[in-house]
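The structure appears below as structure tokens.
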Amino acid sequence: MKNHLKRLPQDFKKMLYLASGDARRQGMNIYMVGGVVRDLLIGKRVLDLDIVVEGDAIILVRKLASDLGLPFRRHHSFGTATIYFRGHKIDFATARTEHYLNWGDLPKVEPSTLSRDLFRRDFTINAMAISLNEKNYGELIDLYNGLSDLRKGLVRVLHEKSFLEDPTRIFRAIRFERRFSFKIEETTMSLLRQAISNNILRTVNPHRIRNEICLILKEDKPLKYIRRINRLVGFGFMDRGMKIGNFHYRLFKRIDNALQLYYNDFFLHREVCNYVVYLTALLIRLSPKKLFALAEIFGFRKGERVIIFSVKKNINRIKRLNRKDIRPSSIYKILAPLSFESIIFFYAYYPHSYLRNNISYFFHNLAGVSLKIKGRDLKKMGLEPESVYGRVLEKLLWLKLDKGLETRVQELSEAEKIFRELTRQKVR
1023 MKNHLKRLPQ DFKKMLYLAS GDARRQGMNI YMVGGVVRDL LIGKRVLDLD IVVEGDAIIL
1083 VRKLASDLGL PFRRHHSFGT ATIYFRGHKI DFATARTEHY LNWGDLPKVE PSTLSRDLFR
1143 RDFTINAMAI SLNEKNYGEL IDLYNGLSDL RKGLVRVLHE KSFLEDPTRI FRAIRFERRF
1203 SFKIEETTMS LLRQAISNNI LRTVNPHRIR NEICLILKED KPLKYIRRIN RLVGFGFMDR
1263 GMKIGNFHYR LFKRIDNALQ LYYNDFFLHR EVCNYVVYLT ALLIRLSPKK LFALAEIFGF
1323 RKGERVIIFS VKKNINRIKR LNRKDIRPSS IYKILAPLSF ESIIFFYAYY PHSYLRNNIS
1383 YFFHNLAGVS LKIKGRDLKK MGLEPESVYG RVLEKLLWLK LDKGLETRVQ ELSEAEKIFR
1443 ELTRQKVR
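Mapping of the sequence shown onto the working numbering: position 202 corresponds to residue 1224, and the numbering continues sequentially without gaps.
Now the structure itself:
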């Protein structure tokens, strides 16, 4: 019997062995399931684990967390609990089955067995388990021929109603097909096309569709996923008149390059949300009115809205950077209020050399610049009124960007001059 857990990091092995013992003593069976099993079998690195318990997952996790001296979170309504173990997330769930009252709705769940828990999953390659029980520890449990499909590179649903029960599986099928360079199995493709022709996506809460699209945009170089969605589904599910074409494809490629440049050349120890840059590109041709309505309907997160609307608002203003003779402070005034995601988008959106050069200059020379003095230093100098301190420091920063003030003494001297100019007082 092959032990499929050998590829796991040693820390994981110890934790799972302890969990196995706790489960046995409480009369429960436990299994590693889902995508982690798939990734182990194809040799991918595993970061987080999903565990199914034939029994009460919360009771098991409470004991395991106590043994490990770790905190855990529980969700009684879902029968799930999570342990955070050395930077990894370990999710435990009571084995369950699902019943769909209406197509596209979230299902009603009830405790069940491993076999029924696996049958409710999206695709055969994600419906395998590895036993964590003493009698067959590390053994692969493959009730639905997932290993065969994994070896053949096929994405296959478990039953003919799969896309009707959960239409978001349409997007997941595309995501797994493109990520692993697999192929959607012939019958599965027929069921997928039939679901699309029946407008099944209209039955889904748009917030869930937003989640799936964002997961796709978080994949490495998501253009191939977007092309596939466009070919199979189109983007009318987001907005009836929304068309995706060569303009978007070219923009996605330029964003790939801009992000690579940011991390390799510009990087300022600030991670950016890559997927929001791509999401902005996807929606950039919508009118502000349609964009606002779509953000509401699909439940865009606050941070996503801020970036997308900021880009829409500044898309013409940013063209002021397409000049050779522009002062550093002017570059700063235009770019500093924007998120890095917005700036990266504009770098990709506009191919103009001067504009791109000025964005590069901002990242290399301006983004990290700050003053050595603060308002309290002006107060110590006896400068009144305090109400102008903000304006003084703002103008001082612009002067520093243009003239290159290097010392605190220089900043204090220039700050006093600026203060006198603003208040029309003479320097003593």
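By construction, the Cβ of each residue, glycine as well, lies at the ideal position given by its N, Cα and C atoms.
Fair warning: this is a prediction, and the values are worked out from it, not measured in the lab.
Limits of the unbroken alpha helix (DSSP H) element including residue i
{"i": "S1352", "result": "P1350 to L1357"}
{"i": "I1073", "result": "Taken as a continuous stretch (DSSP letters only), I1073 belongs to no alpha helix (DSSP H), being part of the beta strand (DSSP E) at L1071 to E1076."}
{"i": "V1055", "result": "No alpha helix (DSSP H) contains V1055, which is instead part of the beta strand (DSSP E) from N1051 to V1055."}
{"i": "Y1411", "result": "Y1411 to K1425"}
{"i": "Y1383", "result": "S1375 to Y1383"}
{"i": "A1087", "result": "A1079 to L1090"}
{"i": "Y1369", "result": "F1362 to Y1371"}
{"i": "E1326", "result": "K1324 to N1336"}
{"i": "R1173", "result": "G1168 to K1174"}
{"i": "F1114", "result": "Taken as a continuous stretch (DSSP letters only), F1114 belongs to no alpha helix (DSSP H), being part of the beta strand (DSSP E) at H1110 to T1116."}
{"i": "I1218", "result": "E1208 to S1219"}
{"i": "L1445", "result": "According to the sequence displayed, residue 1445 carries Thr and not Leu. First-last of the alpha helix (DSSP H) with T1445: R1430 to T1445."}
Beta-carbon proximity list for residue i, same chain, < 8 Å, skipping 5 on both sides
{"i": "R1430", "result": "K1394 and I1395"}
{"i": "L1434", "result": "I1395, D1399 and M1403"}
{"i": "D1044", "result": "L1082, K1085, L1086 and D1089"}
{"i": "P1228", "result": "I1319, F1320 and G1321"}
Beta-carbon proximity check, residue i vs residue j, cutoff 9 Å
{"i": "A1115", "j": "D1072", "result": "yes"}
{"i": "L1154", "j": "I1052", "result": "yes"}
{"i": "V1075", "j": "V1068", "result": "no"}
{"i": "E1408", "j": "K1402", "result": "no"}
{"i": "L1343", "j": "I1353", "result": "yes"}
{"i": "I1163", "j": "L1136", "result": "yes"}
{"i": "G1168", "j": "R1060", "result": "yes"}
{"i": "R1200", "j": "E1241", "result": "yes"}
{"i": "R1232", "j": "G1091", "result": "no"}
{"i": "A1389", "j": "L1304", "result": "no"}
{"i": "D1113", "j": "T1119", "result": "no"}
{"i": "D1424", "j": "R1327", "result": "no"}
{"i": "H1026", "j": "E1161", "result": "yes"}
{"i": "E1438", "j": "L1415", "result": "no"}
{"i": "F1198", "j": "F1145", "result": "yes"}
{"i": "R1178", "j": "E1207", "result": "yes"}
{"i": "E1436", "j": "L1427", "result": "yes"}
Candidates the options, of which the one nearest residue i by Cα
{"i": "H1467", "options": "H1026, L1063, R1173 and R1191", "result": "Within the shown structure, residues of the chain are numbered from 1023 to 1450, placing residue 1467 beyond reach of any answer."}
{"i": "I1370", "options": "F1274, V1414, R1194 and G1160", "result": "Note that residue 1370 corresponds to Ala in the displayed sequence, not to Ile. Comparing Cα-Cα distances from A1370 to each of F1274, V1414, R1194 and G1160, the minimum goes to F1274."}
{"i": "G1109", "options": "D1070, K1265 and I1306", "result": "D1070"}
{"i": "N1279", "options": "P1244, R1249 and H1097", "result": "P1244"}
{"i": "N1158", "options": "L1357, S1364, G1397 and K1024", "result": "K1024"}
{"i": "L1063", "options": "M1150, S1099 and Q1216", "result": "M1150"}
{"i": "G1397", "options": "Q1032, H1097, K1028 and L1419", "result": "L1419"}
{"i": "I1152", "options": "N1336, I1206, K1035 and L1427", "result": "K1035"}
{"i": "M1211", "options": "A1195, R1307 and Y1247", "result": "A1195"}
{"i": "F1385", "options": "G1412, H1374, I1356 and Q1432", "result": "I1356"}
{"i": "I1238", "options": "D1347, L1301 and Q1216", "result": "L1301"}
{"i": "K1346", "options": "S1332, L1316, K1324 and I1381", "result": "I1381"}
{"i": "S1184", "options": "Y1166, L1283, L1214 and G1175", "result": "L1214"}
Own chain residues within Cβ distance below 7 Å of residue i, not counting five before or after
{"i": "K1334", "result": "P1310 and L1313"}
{"i": "G1258", "result": "M1264"}
{"i": "K1448", "result": "Only weak support exists for where K1448 lies, its pLDDT of 48 falling under 50; the value from the coordinates is given anyway. Contacts found: R1442."}
Residue i CB to nearest heavy atom of the ligand COA below 8 Å
{"i": "L1434", "result": "The ligand content of the structure shown is nil, which means the ligand COA is not present either."}
Residue span of the beta strand (DSSP E) that contains residue i, given as start and end
{"i": "D1188", "result": "Careful: D1188 lies outside any beta strand (DSSP E) and carries neither H nor E."}
{"i": "A1151", "result": "A1151 to S1153"}
{"i": "R1342", "result": "No beta strand (DSSP E) holds R1342; DSSP gives it neither H nor E."}
{"i": "K1401", "result": "Note, K1401: premise wrong, no beta strand (DSSP E); alpha helix (DSSP H) at G1397 to K1402."}
{"i": "H1229", "result": "Run containing H1229: none in the beta strand (DSSP E); it sits in the alpha helix (DSSP H), P1228 to L1239."}
{"i": "V1131", "result": "K1130 to P1133"}
Any chain B beta carbon closer than 9 Å to residue i
{"i": "K1174", "result": "In the displayed structure, chain B is absent; only one protein chain is listed."}
Contacting residues, own chain, Cβ-Cβ under 6 Å from residue i (five flanking each side not counted)
{"i": "V1298", "result": "E1326, I1329 and E1363"}
{"i": "F1368", "result": "I1340"}
{"i": "V1294", "result": "F1362 and E1363"}
{"i": "R1029", "result": "L1062"}
For this session: Write down every uninterrupted run of the alpha helix (DSSP H) in the segment 1235-1305 whose length is 4 residues or greater and which is fully enclosed by it, in chain order.
Result: 1245-1254, 1268-1283 and 1296-1305
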